[in-house]
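All remarks here apply to the structure that follows.
Numbering (the working numbering), first residue to last: 1 to 193.
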């Protein structure tokens, strides 16, 4: 029986459930089901929350807009393999900056959000299949970025205003975990595992 099941198995497709749900949900779910996308978004939200809502709120425009631009570029030139290394590297970078409690100049924070928003958008846009509407997929992608970034930024800023001494440490620990996962996955990707 096991042999029969093995021989009759179909080919596996990445993110097949989200692709069958339609273009919007495919765009919404694609970055949320891949650690190389969701971890950097959470870490960027934590970093923005550490800066305070006044400085961080501009990221809610910059990062999703950069993702939309990157996804659009992927439709024109979809063969940049190295972007996945850049994306997982952004998890290590943003997580490390959170762990260090780095007080970022706004211009530099926005520049990082622009660069990595484009790279994450590119990688997600390269996953758009011919049966999906690119514009609707990108709207779902931008929605996911807004939700993850917005909630992690607002939640972090709110928690840090509560003033217990352990909360800033907890945020920094979360950043260090994201950085550690980013470094491990980056190493495995470079080694080809």
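Quick reminder that beta carbons are idealized off the backbone N, C-alpha and C, glycines included.
Inter-segment contact for the region 178 to 189 and the region 49 to 68 is absent: fewer than three beta-carbon pairs are separated by less than 8 Å.
In the DSSP assignment, residue 75 falls within the alpha helix (DSSP H) that extends over 59 to 76. The C-alpha of residue 120 lies about 22 Å from the C-alpha of residue 51. By the neighbour-count criterion, in which a residue is buried when 16 or more other Cβ atoms sit within 10 angstroms of its Cβ, residue 153 is buried.
Only residues of its own chain outside the window of five on either side were considered, and among them 126 have a CB closer than 7 Å to the CB of residue 78, listed in chain order. In the three-state scheme derived from DSSP, where H, G and I count as helix and E and B as strand, residue 131 is classed as coil. With fewer than 16 neighbouring CB atoms inside 10 Å of its own CB, residue 188 falls in the exposed class. Within the same chain, and ignoring the five residues on either side of residue 58 in sequence, the residues whose Cβ sits closer than 8 Å to its Cβ are 106, 110. C-alpha of residue 141 to C-alpha of residue 147: approximately 10 Å in a straight line. Sequence-distant Cβ neighbours of residue 64 in its own chain, meaning closer than 6 Å and more than five residues away, are 142, 145, 146.
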